[in-house]
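Asks:
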Amino acid sequence: MNKTIRRASVFCLLLVLALLGRATWVQAYQARALADDDHNRRNTIAQYAQPLGNIIVAGSPVTGSKRTEGGDLAYKRTYEDGDLYAAVTGYSSQAYGSTQLEGIYDEVLDGTDTRLQNPLDALTGKRSAPGDVVTTIDPQVQKAASEALGDDQGAAVAIDPRSGQILGMVSSPSYDPSDISGTTDGDTWQKLLDDPDKPLVNRAMRQPLAPGSTFKLVVASAALENGLYDSVDEPTKSPVPYTLPGTSTVLKNESATAPCENATLRVALQYSCNNVFGKVAADLGQDKVRAMAEKFGFNTEKLDVPVRASKSVYPSTMDKAQTALSGIGQFEVTATPLQLAMVSAALANDGELAAPHMVSEVTDAKGGTLEDFEDGDTKRIVSSSTAEQLRSAMVTVVEEGTGTNARIDGAEVGGKTGTAENGVDNSNTPYAWFTSYAKDDSNGQEVAVAVIVEDSGSAASEVSGNGLAAPIARKMMKAALQR
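The numbering of the sequence shown is my numbering, which starts it at 116 and goes up by one.
(1) Tell me the DSSP bridge mates of residue 423?
(2) Considering residue 579, what are the terminal residues of the beta strand (DSSP E) in which it resides?
(3) Using the three-state DSSP reduction, which class does residue 429 fall into: helix, strand or coil?
(4) Do you know offhand how far residue 566's Cα is from residue 184's?
(5) Work out the CA separation of residue 124 and residue 132 for me, nearest whole Å.
(6) Note the first and the last residue of the continuous alpha helix (DSSP H) segment covering residue 592.
(7) Could you pull the start and end residues of the beta strand (DSSP E) that residue 268 belongs to?
(8) How many Å lie between residue 463 and residue 397 at the Cα?
(9) Would you mind listing the alpha helix (DSSP H) stretches within the segment 486 to 570 that are 4+ residues and don't spill past its ends, in chain order?
(10) For the putative contact between residue 568 and residue 588, defined by C-beta atoms under 8 Å, what is the C-beta separation to the nearest angstrom?
(11) Going by DSSP, which residues form a beta bridge with residue 467?
(12) Can you tell me the Cα-Cα spacing of residue 495 and residue 198, whole angstroms?
(13) Cβ of residue 225 within 8 Å of Cβ of residue 167?
(14) Can you round the beta-carbon distance between residue 564 and residue 272 to whole angstroms, since I take them to be within the 8 Å contact cut?
(15) Given that a residue counts as buried once 16 or more other Cβ atoms are within 10 Å of its Cβ, and exposed if not, what is residue 146?
(16) Between which two residues does the alpha helix (DSSP H) containing residue 478 stretch?
(17) Whose C-alpha, out of 249, 208, 352, is nearest the C-alpha of residue 389?
(18) Could you tell me whether the segment 313 to 332 touches the segment 433 to 453, where touching means 3 or more Cβ pairs closer than 8 Å?
(19) Find the nearest neighbour of residue 336 within the set 319, 324, 410, judged by alpha-carbon distance.
(20) Helix or strand or just coil, what does DSSP make of residue 176?
(21) Measuring straight from C-alpha to C-alpha, what distance separates residue 378 and residue 492?
(22) Evaluate the contact criterion for the segment 356 to 365 versus the segment 474 to 490: three or more CB pairs, one atom per stretch, below 8 Å.
(23) Tell me where the beta strand (DSSP E) around residue 192 begins and ends.
(24) Measuring only the C-alpha atoms, how far is residue 454 from residue 320?
(25) For residue 246, which option in 308, 279, 179, 579 has the closest C-alpha, if you only look at C-alpha atoms?
(26) What's the gap between the Cα of residue 401 and the Cα of residue 216?
(27) May I ask which residues mark the beginning and end of the alpha helix (DSSP H) holding residue 219?
(28) On the CB-based measure, 16 or more other CB atoms within 10 Å of its CB, does residue 181 come out buried or exposed?
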């Protein structure tokens with residue numbers, strides 16, 4: 116064999132060995148990565164090859180599957196009352212992926228979760244029958260929230276304080292996930308993306324905003340827990356006018372005639388006195404206020420219900436003036452409706468916060484439990500005494516103060532209003548907040564609620580927590596107490 120042929124043979128052998136090595140590497144080490152790649156069309160074909168499992172509300176599915184006509188995707192997702200439950204279910208789209216419960220439990224719902232496999236399925240690689248996701252949502256609470264919000268831009272959350280079950284979660288404006296579940300819904304998808312009101316955003320847990328005076332419940336908790344004041348009925352040292360420390364800026368109250376000078380915490384909550392809570396926050400210092408806020412859940416990076424909520428923020432590295440502003444829920448304090456519902460829930464539950472969750476059980480096709488979520492997994496946030504005192508003060512807010520639109524005949528209702536500045540120098544429409552709890556001793560039902568109305572179309576001068584948010588909370592609480 117001459118030298119040229121020998122060299123060519125060696126080179127060809129090396130090429131064959133390289134190809135064999137690459138094939139071995141792909142099959143042995145990269146097979147799973149390639150199988151899981153988002154661009155692998157086979158995954159989507161397999162996902163929609165059979166009807167998906169369902170998301171269940173009060174024993175009935177709010178999702179379904181529909182046989183498609185033509186194409187390589189046999190089924191697509193459908194939704195019952197899609198607009199109503201979008202903040203809970205999210206969407207499952209052949210083109211745009213999955214979100215919320217649809218995304219978290221996609222392997223259960225499409226039958227690929229290994230927990231669904233019997234030994235024969237595992238051996239043959241056969242796809243298992245899909246499972247279901249059972250939610251804690253109460254349809255009457257959900258409908259009450261949706262109807263009460265109407266066309267207003269905002270969100271609402273209801274929680275059972277004892278169990279942590281999320282009974283209702285609504286974001287407005289909403290959308291129908293059925294409209295984007297196929298492969299030919301590009302125009303609708305783009306319209307949703309371009310909508311300035313952001314209907315795809317779950318405002319209930321994914322859009323933290325300034326909480327305004329609802330945050331005063333956290334500051335009041337810190338004042339009592341740290342011994343700054345022993346009782347909600349002890350006079351505070353709160354001058355009117357109150358000038359922010361180190362500045363010439365006066366912190367004004369909503370009403371110039373309200374009895375806010377040296378007011379007790381009860382009266383300060385009743386009339387929402389900014390001077391009192393600004394001074395309390397400055398006296399406590401940012402570290403003590405932050406510690407209390409974090410007990411309630413602020414600054415938590417991974418609040419999963421099981422959908423992950425955005426972090427509600429109590430800031431750090433503030434000066435005294437900024438700390439005072441944080442005491443009235445301004446400066447850089449932000450909160451989601453879920454977070455503020457958790458504050459009211461903890462106070463309603465004698466100072467203990469039950470872990471919020473909106474899934475009670477994940478099951479296989481025969482109803483067997485794959486995963487369950489225990490109710491009442493609690494941690495103490497404030498003492499029983501502090502919780503009792505603040506509930507009493509919240510009742511005063513509803514009976515005699517700024518939250519009268521939340522009253523429910525025959526029930527104990529306590530709450531706190533908030534009107535939060537929005538934009539530079541409050542140039543945009545303020546946010547209207549209300550957080551509350553209700554108890555009905557006749558049937559033992561309880562509920563905690565938080566509502567935000569970001570924009571109702573009202574003039575800024577007409578925006579208030581009592582005027583816009585409290586009536587929505589009232590309807591939700593009433594529905595929850597009738598369970």
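Even for Gly, the Cβ is constructed at its ideal location relative to N, Cα and C.
Replies: Working from what's here:
(1) The bridge partners DSSP lists for residue 423 are 419.
(2) Segment: none, residue 579 is in no beta strand (DSSP E) and carries neither H nor E.
(3) Annotated three-state conformation of residue 429 is coil, per DSSP.
(4) If I take the Cα positions, the gap works out to 43 Å.
(5) Rounded to whole angstroms, residue 132 to residue 124 spans 12 Å at the Cα level.
(6) For residue 592, the enclosing alpha helix (DSSP H) covers residues 585 to 596.
(7) In the DSSP annotation of this structure, the continuous segment of the beta strand (DSSP E) that includes residue 268 starts and ends at 268 to 274.
(8) Residue 463 and residue 397: Cα-Cα distance of roughly 27 Å.
(9) 499 to 515, all fully within the segment 486 to 570.
(10) The Cβ separation is near 11 Å, so there is no contact.
(11) For residue 467, DSSP records a beta bridge to 495.
(12) When rounded, the distance between both Cα atoms is 36 Å.
(13) Result yes, Cβ atoms of residue 225 and residue 167 sit closer than 8 Å.
(14) Residue 564 to residue 272, Cβ: 7 Å. Contact.
(15) Only weak support exists for where residue 146 lies, its pLDDT of 47 falling under 50; the coordinates are left without a value.
(16) Annotation for residue 478: no alpha helix (DSSP H) segment contains it, though the beta strand (DSSP E) segment containing it runs 474 to 478.
(17) It is 352.
(18) Enough Cβ pairs lie closer than 8 Å, so yes.
(19) Taking only the C-alpha atoms, the option nearest residue 336 is 410.
(20) Looking at residue 176 - three-state DSSP - the assignment turns out to be strand.
(21) Distance between the alpha carbons of residue 378 and residue 492: 37 Å.
(22) The segment 356 to 365 is not in contact with the segment 474 to 490.
(23) From DSSP, the beta strand (DSSP E) with residue 192 extends over 190 to 194.
(24) Distance between the alpha carbons of residue 454 and residue 320 is about 8 Å.
(25) Nearest C-alpha to residue 246 among 308, 279, 179, 579: 179.
(26) Whole-angstrom Cα-Cα distance: 37 Å.
(27) Taken as a continuous stretch (DSSP letters only), the alpha helix (DSSP H) holding residue 219 covers 215 to 219.
(28) With a threshold of 16 other beta carbon atoms within 10 Å, residue 181 falls short and is exposed.
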